[in-house]
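Take a look at the structure set out below.
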Amino acid sequence: MFRSRFAIALAAVAALCFALAAGLPPAAQAGLPKLDKLKDKAKAKAEAALSGKAAPAPADQEQAAGEGEGDAEQAGKPAQAPAGSDAAAADMAFYTKYDFVPGDRTIFYDDLSGDPLGEFPHRWRLDDGVFEVAKLAGENWILNTNKGSIRPDIADGLPERYTVEMEVWDGGPDTPGHWHFIRWVDAKGDNIGEFALKDHQNTWFNLNGDQKANKSLPQTLAKGKHTMRAMITPTSIKCYVDNERVANIPKVTGWAPVGLRVTLDPWSDSEAPLFMRGFRLAEGGKTLQDQLAETGRIVTHGILFDSGSAVIRGESYKTLSLIAELLTGDPALRLSIEGHTDSDGADAANLALSSQRADAVKAWLVAQGTAADRLQTQGFGESKPLDANATPEGKANNRRVELVRL
């Protein structure tokens, strides 16, 4: 019903735009850039909205799922430093109010590695809809072509504190807006919580049927990869889209979900297919300060790097700032920063990369005012795993930075 009303409204607006454009004097039309293209687009959208069919994609938007543009893989991500650059981190100016810290122990993570293209993703359970594995920008994604829901194939039960992350692909503001939902279910399988991202910009969080948050992003999402995140404690819920916090719900009571569900609702799979990937559920653990006090070391998965890179991503800001606070609060504290990888790739390459990443963390902390002689660095590559490298969860747990008291 909502989409029917929206289609009528879109048709009216598009038709009005077309009429206004067509009524301009020829001289004025000649002075406006790309007027013909705008007129054609308005007319196409009006006809499509009235007929219920998707408008054809402009030529510069057509892209097969397995034929990503050269820069598509980096869209929505911080730029990596050029070769030979001394930059250790992406610009974190937009993350200074970002307080998401991922859970310490990965319970479920699906990178879709090993899943055959065209098949249903084997680590998920189907509720309804049509889902298959497809290639986009060099990565495996879950493609949804008909509204439906899937659930991670894990036993019911959620930790007391945990985080949820899910990557989605947005076609950009010139494409139809899809609807993405991370939902929380009770023992009966009923939805009792819902984090929604809709139409490139709109978000909400519903709790036990009541809407607790409703926020539009400051800007529509650009074409590329974006991440929905949620951080759950026994009494609070925080949700994020990329670096923007969109829900902050305190004093949560009477809410006892036992599982998670992902619901996807594509607007038009022919013009801009709906993709998701990288779903991660991780148990939240002790604070960095408690870890250091009890064991003399901090194990963190909150310092993030792009694949194969030693440039720190902006999402790492909160974790890094907490480490900086520890060092500021205890002038006698000295740390060894140690990088670790999973077993993918060559041993020598992993060893070198882990050392470079440890160096990058030190450089960031020194730039914030920590004396360089209070920090040492070392890379261990894949030589000291915390978990078996036989599963995606084990590999995710092994990709980490540790800080050990000296």
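Its first residue numbered 19, the sequence shown is counted upward by one per residue in this note's numbering. We treat Cβ as the ideally placed atom computed from N, Cα and C, and that holds for glycine. None of these values were measured; they are calculated from a predicted model.
Helix, strand or coil at residue i according to DSSP, with G and I counted as helix
i: Ala-265; result: strand
i: Tyr-335; result: helix
i: Pro-96; result: Residue confidence is low: Pro-96 scores 36 on pLDDT, short of 50, so the model does not pin down where it sits. Its coordinate-derived value is still stated next. It is coil, neither helix nor strand.
i: Glu-343; result: helix
i: Asp-145; result: strand
i: Arg-179; result: coil
i: Asp-217; result: coil
i: Lys-61; result: Low local confidence applies: a pLDDT of 40 at Lys-61 is under 50, so the model's placement there is unreliable, and no value is given.
i: Asp-133; result: coil
i: Ala-152; result: strand
i: Asp-260; result: coil
i: Asp-104; result: For Asp-104, the predicted structure reports a pLDDT of 45, less than 50, and the residue's modelled location is therefore unreliable. A value from the coordinates is still provided. Asp-104 falls in the coil class under three-state DSSP.
CA-to-CA distance, residue j to residue i, given in whole angstroms
i: Val-422; j: Leu-299; result: 26 angstroms
i: Pro-275; j: Tyr-335; result: 30 angstroms
i: Asp-117; j: Arg-179; result: 15 angstroms
i: Gly-156; j: His-358; result: 25 angstroms
i: Gln-229; j: Ile-200; result: 15 angstroms
i: Trp-159; j: Val-151; result: 6 angstroms
i: Gly-227; j: Pro-403; result: 43 angstroms
i: Asp-129; j: Gly-296; result: 5 angstroms
i: Ala-370; j: Trp-382; result: 19 angstroms
i: His-140; j: Ala-390; result: 48 angstroms
i: Thr-253; j: Ser-401; result: 39 angstroms
i: Arg-315; j: Asp-122; result: 13 angstroms
i: Phe-293; j: Thr-346; result: 43 angstroms
i: Pro-349; j: Leu-393; result: 12 angstroms
i: Glu-80; j: Asn-261; result: Residue confidence is low: Glu-80 scores 29 on pLDDT, short of 50, so the model does not pin down where it sits. No coordinate-derived value is stated.
i: Asn-205; j: Pro-120; result: The amino acid occupying residue 205 in the given sequence is Ala; Asn does not appear at that position. Cα-Cα distance, rounded: 26 angstroms.
i: Gly-387; j: Ser-354; result: 17 angstroms
i: Gly-326; j: Gly-272; result: 44 angstroms
i: Val-270; j: Ile-250; result: 10 angstroms
i: Pro-268; j: Leu-225; result: 12 angstroms
i: Gly-363; j: Leu-338; result: 27 angstroms
i: Thr-429; j: Gln-374; result: Since the first and last residues shown for the chain are 19 and 424, residue 429 lies out of range.
i: Glu-420; j: Asn-164; result: 43 angstroms
7 angstroms CB neighbourhood of residue i in its chain, flanking five on each side removed
i: Ala-46; result: Low confidence applies here, because Ala-46 scores a pLDDT of 38, under 50, leaving its location unreliable; read the following figure in that light. Taken in chain order, the list of residues that qualify is empty.
i: Thr-124; result: Arg-298, Ala-300, Glu-411, Ala-414, Asn-415
i: Leu-135; result: Val-151, Ala-152, Lys-153
i: Val-259; result: Leu-215, Thr-221, Leu-235, His-244, Met-246
i: Phe-138; result: Leu-144, Phe-149, Glu-150
i: Gln-307; result: Leu-344
i: Gly-399; result: Thr-359, Asp-365, Asn-368, Leu-369, Ser-372
i: Gly-189; result: Lys-241, Ala-290
N- and C-terminal bounds of the beta strand (DSSP E) containing residue i
i: Asp-208; result: Where Asp-208 is concerned, there is no enclosing beta strand (DSSP E), given that its DSSP letter is neither H nor E.
i: Gly-166; result: 157-170
i: Gly-412; result: Element bounds for Gly-412: not the beta strand (DSSP E) but the alpha helix (DSSP H), 410-416.
i: Leu-292; result: 292-301
i: Tyr-116; result: Run containing Tyr-116: none; DSSP gives neither H nor E here.
i: His-358; result: 353-358
i: Gly-397; result: 393-397
i: Asp-362; result: No beta strand (DSSP E) holds Asp-362; DSSP gives it neither H nor E.
i: Phe-323; result: Careful: Phe-323 lies outside any beta strand (DSSP E) and carries neither H nor E.
Residue i, enclosing alpha helix (DSSP H) - first and last residue
i: Asp-377; result: 365-385
i: Asp-308; result: 306-313
Same chain, Cβ closer than 6 angstroms to residue i, neighbours up to 5 away in sequence not counted
i: Ser-69; result: Caution is warranted here: a pLDDT of 37 is assigned to Ser-69, below 50, making its placement in the model unreliable, and the coordinate value is therefore given only provisionally. Excluding sequence neighbours, Ser-69 sits near nothing in its chain.
i: Gly-166; result: Asp-146, Gly-147
i: Asp-377; result: Thr-395
i: His-196; result: Pro-284, Trp-285, Leu-292
i: Leu-424; result: Arg-352, Ser-354
i: Cys-257; result: Phe-213, Phe-223, Ala-248, Val-264, Ala-265
i: Lys-233; result: Thr-221, Val-264
i: Tyr-127; result: Arg-298, Pro-410, Glu-411, Ala-414
i: Leu-239; result: Asp-188, His-218
Proximity test, residue i beta-carbon vs the ligand NAD heavy atom, cut-off 6 angstroms
i: Lys-233; result: The ligand content of the structure shown is nil, which means the ligand NAD is not present either.
Same chain, Cβ closer than 8 angstroms to residue i, neighbours up to 5 away in sequence not counted
i: Gln-237; result: Gln-219
i: Leu-278; result: Arg-169, Pro-170, Leu-176, Val-182, Ile-200, Arg-201, Trp-202, Val-203, Leu-299
i: Gly-303; result: Gly-121, Asp-122, Arg-123, Arg-179, Gln-309
Those residues which DSSP pairs with residue i across a bridge
i: Ile-255; result: Ile-250, Ile-267
i: Phe-223; result: Phe-213, Ala-231
i: Gln-237; result: In DSSP, Gln-237 forms no bridge with anything.
i: Gly-277; result: Val-203
i: Gly-242; result: Asp-188
i: Glu-420; result: Val-317, Glu-356
i: Leu-282; result: Gly-166, His-198
i: Thr-124; result: Ala-300
Below-7 angstroms beta-carbon distance, residue i vs any chain D residue
i: Leu-225; result: You won't find chain D in this structure, because it holds only one protein chain.
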